[in-house]
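> Each residue of the sequence shown is one higher than the last, beginning at 1 in UniProt numbering.
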Amino acid sequence: MGCLAAAAAGAEVAPLLFRRRLAPSPVAARRRLLVSCRARRRGLRTAAELPRKSTSNDKHHNRVNMQRDEASVSSDKERQEKYGDENGISNLQLEDLIQMIQNTEKNIMLLNQARLQALEHVEKILKEKEDLQRKLKILETRLSETDARLKLSAEGQFGTEINDSLPVLELDDIKEENMLLKDDIQFLKTMLTEVAETENSIFTLEKERALLDASLRELESRFIDAQADMLKPGPRQYDAWWEKVENLGDLLETATNKVENAAMVLGCNHDLEDKVDKLEASLAEANISKFSCYFVDLLQEKIKSVEERFQVCNHEMHSQIELYENSIAEFHDILSKLVEETEKRSLEHSASSMPSELWSRISLLIDGWLLEKRISYNDANTLREMVRKRDSCLREAYLSCRGMKDREIVDSFLKITLPGTSSGLHIVHIAAEMAPVAKVGGLADVISGLGKALQKKGHLVEIILPKYDCMQNDQVNNLKVLDVVVQSYFEGNLFKNKIWTGTVEGLPVYFIEPQHPAKFFWRAQYYGEHDDFKRFAYFSRAALELLYQSQKKIDIIHCHDWQTAFVAPLYWEAYANLGFNSARICFTCHNFEYQGAAPAQDLACCGLDVAQLDREDRMRDNSHGRINVVKGAIVYSNIVTTVSPTYALEVRSEGGRGLQDSLKLHSRKFVGILNGIDTDTWNPSTDRHLKVQYNANDLQGKAANKAALRKQLNLSSTNASQPLREFEGIADHFQNNNNIRLLLKYDDSLSHWIYAASDMFIVPSMFEPCGLTQMIAMRYGSVPIVRKTGGLNDSVFDFDDETIPKELRNGFTFVHPDEKALSGAMERAFNYYNRKPEVWKQLVEKDMRIDFSWSSSASQYEDIYQRAVARARAAA
Ligand SMILES: Nc1ncnc2c1ncn2[C@@H]1O[C@H](COP(=O)(O)OP(=O)(O)O)[C@@H](O)[C@H]1O
Numbered sequence: 001m002g003c004l005a006a007a008a009a010g011a012e013v014a015p016l017l018f019r020r021r022l023a024p025s026p027v028a029a030r031r032r033l034l035v036s037c038r039a040r041r042r043g044l045r046t047a048a049e050l051p052r053k054s055t056s057n058d059k060h061h062n063r064v065n066m067q068r069d070e071a072s073v074s075s076d077k078e079r080q081e082k083y084g085d086e087n088g089i090s091n092l093q094l095e096d097l098i099q100m101i102q103n104t105e106k107n108i109m110l111l112n113q114a115r116l117q118a119l120e121h122v123e124k125i126l127k128e129k130e131d132l133q134r135k136l137k138i139l140e141t142r143l144s145e146t147d148a149r150l151k152l153s154a155e156g157q158f159g160t161e162i163n164d165s166l167p168v169l170e171l172d173d174i175k176e177e178n179m180l181l182k183d184d185i186q187f188l189k190t191m192l193t194e195v196a197e198t199e200n201s202i203f204t205l206e207k208e209r210a211l212l213d214a215s216l217r218e219l220e221s222r223f224i225d226a227q228a229d230m231l232k233p234g235p236r237q238y239d240a241w242w243e244k245v246e247n248l249g250d251l252l253e254t255a256t257n258k259v260e261n262a263a264m265v266l267g268c269n270h271d272l273e274d275k276v277d278k279l280e281a282s283l284a285e286a287n288i289s290k291f292s293c294y295f296v297d298l299l300q301e302k303i304k305s306v307e308e309r310f311q312v313c314n315h316e317m318h319s320q321i322e323l324y325e326n327s328i329a330e331f332h333d334i335l336s337k338l339v340e341e342t343e344k345r346s347l348e349h350s351a352s353s354m355p356s357e358l359w360s361r362i363s364l365l366i367d368g369w370l371l372e373k374r375i376s377y378n379d380a381n382t383l384r385e386m387v388r389k390r391d392s393c394l395r396e397a398y399l400s401c402r403g404m405k406d407r408e409i410v411d412s413f414l415k416i417t418l419p420g421t422s423s424g425l426h427i428v429h430i431a432a433e434m435a436p437v438a439k440v441g442g443l444a445d446v447i448s449g450l451g452k453a454l455q456k457k458g459h460l461v462e463i464i465l466p467k468y469d470c471m472q473n474d475q476v477n478n479l480k481v482l483d484v485v486v487q488s489y490f491e492g493n494l495f496k497n498k499i500w501t502g503t504v505e506g507l508p509v510y511f512i513e514p515q516h517p518a519k520f521f522w523r524a525q526y527y528g529e530h531d532d533f534k535r536f537a538y539f540s541r542a543a544l545e546l547l548y549q550s551q552k553k554i555d556i557i558h559c560h561d562w563q564t565a566f567v568a569p570l571y572w573e574a575y576a577n578l579g580f581n582s583a584r585i586c587f588t589c590h591n592f593e594y595q596g597a598a599p600a601q602d603l604a605c606c607g608l609d610v611a612q613l614d615r616e617d618r619m620r621d622n623s624h625g626r627i628n629v630v631k632g633a634i635v636y637s638n639i640v641t642t643v644s645p646t647y648a649l650e651v652r653s654e655g656g657r658g659l660q661d662s663l664k665l666h667s668r669k670f671v672g673i674l675n676g677i678d679t680d681t682w683n684p685s686t687d688r689h690l691k692v693q694y695n696a697n698d699l700q701g702k703a704a705n706k707a708a709l710r711k712q713l714n715l716s717s718t719n720a721s722q723p724l725r726e727f728e729g730i731a732d733h734f735q736n737n738n739n740i741r742l743l744l745k746y747d748d749s750l751s752h753w754i755y756a757a758s759d760m761f762i763v764p765s766m767f768e769p770c771g772l773t774q775m776i777a778m779r780y781g782s783v784p785i786v787r788k789t790g791g792l793n794d795s796v797f798d799f800d801d802e803t804i805p806k807e808l809r810n811g812f813t814f815v816h817p818d819e820k821a822l823s824g825a826m827e828r829a830f831n832y833y834n835r836k837p838e839v840w841k842q843l844v845e846k847d848m849r850i851d852f853s854w855s856s857s858a859s860q861y862e863d864i865y866q867r868a869v870a871r872a873r874a875a876a
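1. Any idea which residues DSSP pairs K496 with across the strands?
2. Between which two residues does the alpha helix (DSSP H) carrying F539 extend?
3. What are the residues that DSSP puts in a beta bridge with C559?
4. Quick one: using the 10 Å Cβ neighbour count with 16 as the cut-off for buried, is Q700 buried or exposed?
5. With a Cβ-Cβ cutoff of 7 Å, do T646 and T588 count as a contact?
6. Do you know how far the Cα of V839 is from the Cα of Y833?
7. Using DSSP's beta-bridge definition, name the partner residues of E462.
8. Any heavy atom of ligand 1 inside 6 Å of the beta-carbon of T773?
9. Do V629 and G596 have their beta-carbon atoms positioned less than 7 Å apart in this structure?
10. Take the Cβ of P233 as the centre, count every other Cβ of all protein chains shown within 10 Å, and call the residue buried at 16 or more, exposed below.
11. Using the three-state DSSP reduction, which class does P26 fall into: helix, strand or coil?
12. Please report the straight-line C-alpha distance between A438 and L414, rounded to a whole angstrom.
13. So the candidates are L443, K182, D469, A574; which of them puts its Cα closest to the Cα of Q563?
14. For D445, verify whether its CB is less than 6 Å away from any heavy atom of ligand 1.
15. Using a Cβ-Cβ cutoff of less than 6 Å, which residues in the same chain neighbour A568 once the five nearest sequence positions on both sides are dropped?
16. Anyone know if the C-beta pair for L544 and Y510 falls short of 7 Å?
17. I need the straight-line Cα distance from F592 to V428, nearest angstrom please.
18. Helix, strand or coil for L394 per DSSP?
19. Less than 8 Å between the CB atoms is what I'm expecting for R787 and F797, so what's the real figure, rounded?
20. Taking the beta carbon of G771 as the centre, do at least 16 other beta carbons fall within 10 Å, making it buried, or is it exposed?
21. Check whether the segment 855–866 and the segment 452–469 touch, using three or more Cβ-Cβ pairs below 8 Å as the test.
22. Shortest alpha-carbon distance to P764 belongs to which of Y755, Q774, A757, S758?
23. Measuring CA to CA, which of E372, M848, F767 is closest to P684?
24. Going by DSSP, name the residue or residues bridged to G579.
25. Could you name the residues that DSSP lists as bridge partners for F814?
26. By Cβ distance below 7 Å, which residues in the same chain neighbour M760 in space, the five residues on each side in sequence not counted?
27. With H, G and I counted as helix, E and B as strand and the rest as coil, what does DSSP make of residue 907?
28. How about W500 and V485: do their beta carbons lie closer than 7 Å?
29. Can you check DSSP and say which residues form a bridge with I762?
30. Can you tell me the Cα-Cα spacing of Y780 and S550, whole angstroms?
31. Quick one: what does DSSP say Q842 is sitting in, helix, strand or coil?
32. Report the partner residues of S853 according to the DSSP bridge assignment.
33. Quick one: which unbroken alpha helix (DSSP H) runs of 4-plus residues sit fully inside the segment 632–695? Chain order, please.
34. Examine the Cβ distances between the segment 458–471 and the segment 509–525 and report whether three or more of them are shorter than 8 Å.
35. Given this structure, state the Cα-to-Cα distance separating D411 from H459, to the nearest angstrom.
36. Indicate, with yes or no, if ligand 1 has a heavy atom lying under 6 Å from the CB of G528.
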């Protein structure tokens, strides 16, 4: 069944398995979580430190910081080499801090010295700067004076007023001095720039010092914290760590979930891909079927025209036949008039010669047939007697047989030896069930199905049932009690029985209501009472009494299962001696599991002679010291049947449940005939129990029934095409399962609906005498999955078995009575259902068209009845 579940719900199971493969067991998960947290915690610490280092390196390229970094890196390295555990890290942190503080203090001192030197230098430079600025000012003044003089002199030389007071040599000196001053000014400007730069670097140093002070303060406070932590070793810190661990665990879990979700999504994607593939395949198939639709249309048109032509021909043929029949009738009229006249004349003219000739010829014919062993001695005697009596029927038969073949003439002569004019048999079924008025299982279906089929074949069929208080009276037409009282024997007394009559499904039925204080059939149930043996012994006797008292000349009394198996020994032991012996007894065992075994003395209740019957060769059970009613029926019946050929073979060995030797001994009268089904009752195109009727040409209604049943039973409707009757999880929670319902009740109407709604019908029987459900299922388009046993083996043929002719293959079978074999067959069926919907549809349509009607089975019963009756007549 596990396999089945996987096959049935592949799309759901596959991702689950995938997920399981990804997700570790809870313990492993926890372990993995912890490991990961630890790793991550280390990772976080390192990551937190790195930016700080790189920032300081980038910002300050000074030696001091380089020193600090080197010290810090080497101490980290040492620390890792030396410890590598949590507590170590905490101690190392402290040492680092101290070292860092010391380094920082040293650096601050150096920085302060550098700062003082720089300040002195600056003071000096500022002084120099002031001197230089002063000199610069004087020089600039002088320069401007010189320029003004130069200007004046230039005006004098080239203008109207020339200043002759400055000599030429002085002018050159001034020019030279001017050049020198310009150089000085340039030098001073450079100096000033340098001073400004020094000021800037002092300013930067000041800033750096402030930063170092701040970090010193921070380090000091961390130092104090670290000292405090060392004194109070860490519940708070551990808590914080665990908080972090838990946070990390959550993060990990979220991440794992995401991975799982991703895996599921991946799985779903795979499924989607599969679905897309399938859709594409079905699209391709649809395209193909589009073409085939076209051909179907063409074919249908052709069929239509052929049908029309056929109808025209038919019509013509009918009118020809009518004409022909009319002319034959005319001819017969003329012929009979001629015969009458001739006979009249021959009687008139030679009263004895012609009839004697006629009778003599008949006598000679009879003698010849006897010698040729074509008729029995008795039949020959009967016919001779008729000749002696100049029997008019015989003369008519002789006159009408001219032109016939020998065989036909023999048959027509034998026919007139039978009582009455009809060749039909008078058949009476005595049974405990009949559908639909009193149905428990397949027996009920057989009584009405076989009865109706025999009736259709022209036999007079009657049924006798107990009058149960719980039977469906509304299924009986014209139910009424007869104004007679039939008395029957029981436990030394005679008891009155009320006799009710009515028709069920068109069959005449007698219901016997015992007037016994034990109220045998007022029990609100059909079987399962403490005195079942007595109840049905009483009924068997009363039924025979009814037949005996009605003085009918019955041909076949057919009894069924242990409940009416009493009839066979009763008939031959108690009634045949009374002259009630025209009938032959047929016994059908529908299930050899139930044999009606009881203490020997119990047999006496219905008037059977225990001393006569409690014998190995009669009714004594083969293994217990009790009597066995089914064995009694095997011994005392003229015909013994069971409900399928395979089961008939099986019961000759272990399947016979102790009766195998009796069956072997009586094998000449034992035969297996496969049951049919009542195709009027089980007809999806007319079934009033269904929501929508349908047939093999139009399966739409089947889907509608399925949807309605799913709704009615409160099954999931998310996947309407999912096959019903999956057993996954049936053991648990089936009430809440979306795909399973276990209905432990008898409900005829619902049973019809279930057949119509189901896609597959599983019958995994260990043994199955015949089984009707698989045939009914096929008629309703539900494909059977069965174990190859009994009648299942005779009615279901594996779809994949190439040794079987293709046209017979109609379901899925398995042999071994185990879960694996069943799952295998189901998986094959599911494969077709899911992957080859077109093939599946064809299989469904084919199954619906199989003829499981009683027609052919009833013919086999008819044949064995006829032979038994013929033997009886021959013996008489
Ligand atoms: N719970 C039920 N409610 C109504 N009909 C049922 C139920 N169970 C079985 N049946 C009917 O009983 C018949 C079973 O016949 P068969 O297959 O020969 O089994 P069995 O040998 O058990 O009688 C079928 O007509 C089936 O539809």
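Don't be surprised by glycine CBs; every beta carbon is placed ideally from N, CA and C.
With the structure as the only source:
1. Stepping through the sequence shown from its first residue, residue 496 is reached at position 496. The partner list for K496 (beta bridge, DSSP) reads Q487.
2. One-based indexing of the sequence shown puts residue 539 at position 539. Unbroken alpha helix (DSSP H) run through F539: 532–550.
3. Along the sequence shown, one-based indexing puts residue 559 at 559. According to DSSP, C559 bridges with I430, F587.
4. As a first step, residue 700 is located in the sequence shown; it is residue number 700 there, counting from the start. Flag for Q700 reads exposed.
5. The count along the sequence shown starts at 1 and reaches residue 646 at position 646. The count along the sequence shown starts at 1 and reaches residue 588 at position 588. No; because the gap between Cβ atoms is not below 7 Å, this pair is not in contact.
6. Locating residue 833 in the sequence shown gives position 833, counting from the first residue. Locating residue 839 in the sequence shown gives position 839, counting from the first residue. If you take the alpha carbons of Y833 and V839, they lie about 8 Å apart.
7. Position 462 of the sequence shown, counting from 1, holds the residue named residue 462. E462 pairs with V428.
8. The sequence position of residue 773 within the sequence shown is 773, counting from 1. Yes, since a heavy atom of ligand 1 falls inside the 6 Å radius drawn around the Cβ of T773.
9. To locate residue 596, count along the sequence shown from 1; it is residue 596. To locate residue 629, count along the sequence shown from 1; it is residue 629. It is a contact, given that the beta carbons lie within the stated cut-off.
10. Here residue 233 refers to the residue found at position 233 when the sequence shown is read from its first residue. Residue placement at P233 is flagged as unreliable, the pLDDT there being 40, under the threshold of 50; a coordinate-derived value is accordingly withheld.
11. Stepping through the sequence shown from its first residue, residue 26 is reached at position 26. The predicted model places P26 with a pLDDT of 30, which falls under 50 and marks its position as unreliable; any figure quoted below should be read in that light. The answer is helix: DSSP assigns P26 an H, G or I state.
12. What you label residue 438 is simply residue 438 of the sequence shown in a count that begins at 1. What you label residue 414 is simply residue 414 of the sequence shown in a count that begins at 1. Each residue's Cα considered, the two are about 40 Å apart.
13. As a first step, residue 563 is located in the sequence shown; it is residue number 563 there, counting from the start. Nearest option by C-alpha distance: L443.
14. Taking the first residue of the sequence shown as position 1, residue 445 is located at position 445. Yes, the beta carbon of D445 sits closer than 6 Å to at least one heavy atom of ligand 1.
15. Here residue 568 is taken as the residue at index 568 of the sequence shown, counted from 1. Closer than 6 Å at Cβ, skipping near neighbours: I585, F587, A633, Y636, S637.
16. Indexing the sequence shown from 1 puts residue 544 at position 544. Indexing the sequence shown from 1 puts residue 510 at position 510. No, the Cβ-Cβ distance between L544 and Y510 is not below 7 Å.
17. Taking the first residue of the sequence shown as position 1, residue 592 is located at position 592. Taking the first residue of the sequence shown as position 1, residue 428 is located at position 428. Each residue's alpha carbon lies about 23 Å from the other.
18. Translated into positions along the sequence shown, residue 394 becomes position 394. The three-state secondary structure of L394, taken from DSSP, is helix.
19. Counting from 1 along the sequence shown, the entry for residue 787 is found at position 787. Counting from 1 along the sequence shown, the entry for residue 797 is found at position 797. Contact flag wrong, Cβ pair sits at about 13 Å.
20. On the sequence shown, position 771 is the one that residue 771 refers to. It counts as buried.
21. The segment 452–469 and the segment 855–866 touch, with three or more beta-carbon pairs separated by less than 8 Å.
22. The residue you call residue 764 lines up with position 764 of the sequence shown. The residue with the shortest Cα to Cα distance from P764 is Q774.
23. Numbered from its first residue, the sequence shown carries residue 684 at position 684. That would be M848, whose Cα lies nearest to the Cα of P684.
24. Residue mapping note: residue 579 aligns to position 579 of the sequence shown, counting from 1. DSSP lists no partner for G579.
25. By 1-based counting over the sequence shown, the position of residue 814 is 814. Partner(s): R787.
26. Sequence index remark: in the sequence shown, residue 760 carries index 760 (1-based). Excluding positions up to five away in sequence, the list reads P723, R725, S782, V783, I785, A829.
27. Past the edges of the chain, shown from 1 to 876, lies residue 907, and the structure says nothing about it.
28. Stepping through the sequence shown from its first residue, residue 500 is reached at position 500. Stepping through the sequence shown from its first residue, residue 485 is reached at position 485. Not in contact: W500 and V485 (Cβ atoms no closer than 7 Å).
29. For the purposes of this step, residue 762 is taken as the residue at position 762 of the sequence shown. Note: I762 sits in a beta bridge opposite I785.
30. For the purposes of this step, residue 780 is identified with residue 780 of the sequence shown, where counting begins at 1. For the purposes of this step, residue 550 is identified with residue 550 of the sequence shown, where counting begins at 1. Computed Cα separation, rounded: 43 Å.
31. Taking the sequence shown and counting its residues from 1, one reaches residue 842 at position 842. DSSP places Q842 in helix when its eight states are reduced to three.
32. Within the sequence shown, numbered from 1, the residue matching residue 853 stands at position 853. According to DSSP, S853 bridges with I677.
33. 645–650, 660–665
34. yes
35. On the sequence shown, position 411 is the one that residue 411 refers to. On the sequence shown, position 459 is the one that residue 459 refers to. If you take the alpha carbons of D411 and H459, they lie about 19 Å apart.
36. Counting from one through the sequence shown, the residue named residue 528 turns up at place 528. Answer for G528: no, Cβ out of range of ligand 1.
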